[in-house]
Amino acid sequence: MSNYRLLYFNIKGKGQLIRLFLHDHGIEFTDDTVPDDGWAAIKPTLPFGQVPAFWDGDFSMVQTAAIMRFLSRKHGAYGTNDTEKAQIDMAYDGVEDFYVRYIRFIYDDFAAGKDKYLAETVPESVLPTLQKLLMRNKNGEGFLVGDKISFADYHLFQFLDALMDLSALACLEAFPVLKAYYERIKARPNISKFLASDLNQKRTFNNAGH
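Following my numbering, the numbering of the sequence shown begins with 4 at its first residue and continues without gaps.
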């Protein structure tokens, strides 16, 4: 039994990547949420005043990408050689670029920008680039890199899942390789079970409520 503990807000957000990884690998962990009235006290105790925060026994760390790399090194999800590791890093960081823009849109421009984001940005820029990235490896029929799932795959899946929550399914239909990938990751037994859980279903993707 592991001594893993995750602390994050009671939303999906960036904590979801870590949850997806741990559930998919069948690793037990404590999924703690920041109390509604507790953030002011917790924030000063964290290195950058941010969550997710993660503990492995007495060892603690923050920053999503660092946590994902830490877990991936420990549990064999970081490629089989230096070339694959570099490709996984590249894929993760590329998805992160799109995710950062998505977050800005969600919090700063949602009401005015949703129609344009779904009608132009997603189908003309986001999805074509991501499908092209996926197809670099075995024509997109497996994972982003190599023969095994990596932490970059969880990031891509989580981002696509967030887009689907914005009713972007019609956009994804035009990218069959990416759509098949999304459905394939979603159907992984432990991920499917986690996504269907009451706890996950009650969580929104962000603090903006959409």
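Glycine is no exception: its CB is placed at the ideal position from the N, C-alpha and C atoms.
For residue 154, which residues from the same chain have a beta carbon less than 8 angstroms from its beta carbon, with the 5 sequence-adjacent residues on both sides left out?
As a position in the sequence shown, residue 154 is number 151, starting the count at 1. Excluding sequence positions up to five before and after residue 154, its CB lies within less than 8 angstroms of the CB of 20, 24, 71, 72, 74, 75, 80, 81, 91 and 95, all in the same chain and listed in chain order.
Going by beta-carbon coordinates alone, are residue 69 and residue 63 separated by less than 8 angstroms?
Counted from its first residue, the sequence shown places residue 69 at position 66. Counted from its first residue, the sequence shown places residue 63 at position 60. Contact flag unset, no.
Between 107, 136, 142 and 11, which lies nearest to residue 34 when the distance is taken from Cα to Cα?
Along the sequence shown, one-based indexing puts residue 34 at 31. Ranking 107, 136, 142 and 11 by Cα distance to residue 34 puts 11 first.
Give me the residue from 110, 106, 89 and 162 with the minimum Cα distance to residue 181.
Stepping through the sequence shown from its first residue, residue 181 is reached at position 178. Looking at 110, 106, 89 and 162, the one whose alpha-carbon comes closest to that of residue 181 is 162.
Measure the Cβ-Cβ separation of residue 173 and residue 105 and say whether it is below 8 angstroms.
Working through the sequence shown from its first residue, we reach residue 173 at position 170. Working through the sequence shown from its first residue, we reach residue 105 at position 102. Not in contact: residue 173 and residue 105 (Cβ atoms no closer than 8 angstroms).
Could you please give me the residues that DSSP links to residue 56 through a beta bridge?
Here residue 56 is taken as the residue at index 53 of the sequence shown, counted from 1. The partner list for residue 56 (beta bridge, DSSP) reads 10 and 65.
Using only alpha-carbon positions, find the residue among 98, 54 and 44 that is nearest to residue 66.
To locate residue 66, count along the sequence shown from 1; it is residue 63. Closest by C-alpha distance to residue 66, out of 98, 54 and 44, is 54.
Counting along the chain, where does the alpha helix (DSSP H) carrying residue 48 start and finish?
Taking the sequence shown and counting its residues from 1, one reaches residue 48 at position 45. Premise fails: residue 48 is in no alpha helix (DSSP H) and is neither H nor E.
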